[in-house]
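Q: To start, I am sharing the structure in question, which I have written as structure tokens.
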Amino acid sequence: VAAETKAKGRKALAIATDTTDKDSIKNLAAKTIEEFGKIDILVNNAGQGTSIPFLSITEEQWDYIINVNLKGYFLCTQVLGGYMFKAKSGRIINISSTMGSYPLPFLTHYAASKGGINAMTKCLAQEWANRGITVNAIAPSYFETDLNKDSMANEDISQLIMSKTPLKRWGKVEDLVGLVVFLASDASSYMTGSVIPLDGGWSAG
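Spelled out as structure tokens, the structure:
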């Protein structure tokens, strides 16, 4: 992505970062400030998930999902959002999931992490509203990503997903881009604390 952006004559910086490690995030912040002078948009998008029966979830598996999906968002927002707090301006966009509000069986750990993201979004939207910072979340359903390739290849799972999706297709990355750009722009300046479904109609049923 950085290479494509640079090819268009624009500035871009790619930094490998462990979003579950605060020092790694601080390094990301420092290099971003050095290159661009400020941090005004944060999109929290790291995520992992697996389908496991509740009684089979190990403590290690639970911790891993919560650390990546929820703790990572907390740490990134605390470090990077701190710059926005001082500047009294910013946009924070959390990528959540339909599972945060409409969970399915065998996804307790994943759904819990996404529900936590939704709650964090609403809490922080209220807390930081007077700092000129908006905080919103997007809740996608099943998209064509590497994370979902096994589900896409499984006919039974795919049929279940399609049965809950009125538009009868998997989401594409292109479906997500416009909403992220909108939430990052001034066009969304009166919008904060929202968890927006992007799910082909899943949440309408």
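Under the numbering used here, the first residue of the sequence shown carries the number 124, and numbering increases by one thereafter.
By construction, the Cβ of each residue, glycine as well, lies at the ideal position given by its N, Cα and C atoms.
With which residues is N253 paired in a DSSP beta bridge?
A: Walking along the sequence shown from the start, residue 253 turns up at place 130. For N253, which the question treats as bridged, DSSP gives no partner whatsoever.
Q: Under the three-state reduction of DSSP, which class applies to G294: helix, strand or coil?
A: Numbered from its first residue, the sequence shown carries residue 294 at position 171. G294: strand per DSSP, three-state reduction.
Q: Output yes or no for whether 8 Å exceeds the beta carbon distance between Q171 and I189.
A: Taking the sequence shown and counting its residues from 1, the one referred to as residue 171 is at position 48. Taking the sequence shown and counting its residues from 1, the one referred to as residue 189 is at position 66. No, they are not a contact pair.
Q: Leaving out five residues on either side along the sequence, give the residues of the same chain with a beta carbon under 8 Å from the beta carbon of L165.
A: Your numbering for residue 165 matches position 42 in the sequence shown. Exclusion of the five residues before and after L165 leaves C199, T200, L203, G204, M207, G213, R214, I215 and I216 as the residues of its chain whose Cβ lies within less than 8 Å of its Cβ.
Q: Do I261 and V303 have their beta-carbon atoms positioned less than 8 Å apart in this structure?
A: Position 180 of the sequence shown holds residue 303. Position 138 of the sequence shown holds residue 261. Yes, they are a contact pair.
Q: In this structure, how does DSSP classify L240 when only helix, strand and coil are distinguished?
A: Position 117 of the sequence shown, counting from 1, holds the residue named residue 240. Before going further, note that residue 240 is Ile rather than Leu in the sequence given. Here DSSP, grouped into helix, strand and coil, assigns I240 to helix.
Q: Spell out a yes or no on whether the segment 243–258 and the segment 310–324 are touching, meaning 3 or more CB-CB pairs, one atom from each, closer than 8 Å.
A: The answer is yes - the segment 310–324 touches the segment 243–258, with three or more Cβ pairs under 8 Å.
Q: Beta-carbon within less than 6 Å of S274's beta-carbon, same chain only, minus the 5 sequence neighbours each way: which residues are those?
A: To locate residue 274, count along the sequence shown from 1; it is residue 151. Only I280 meet the Cβ criterion.
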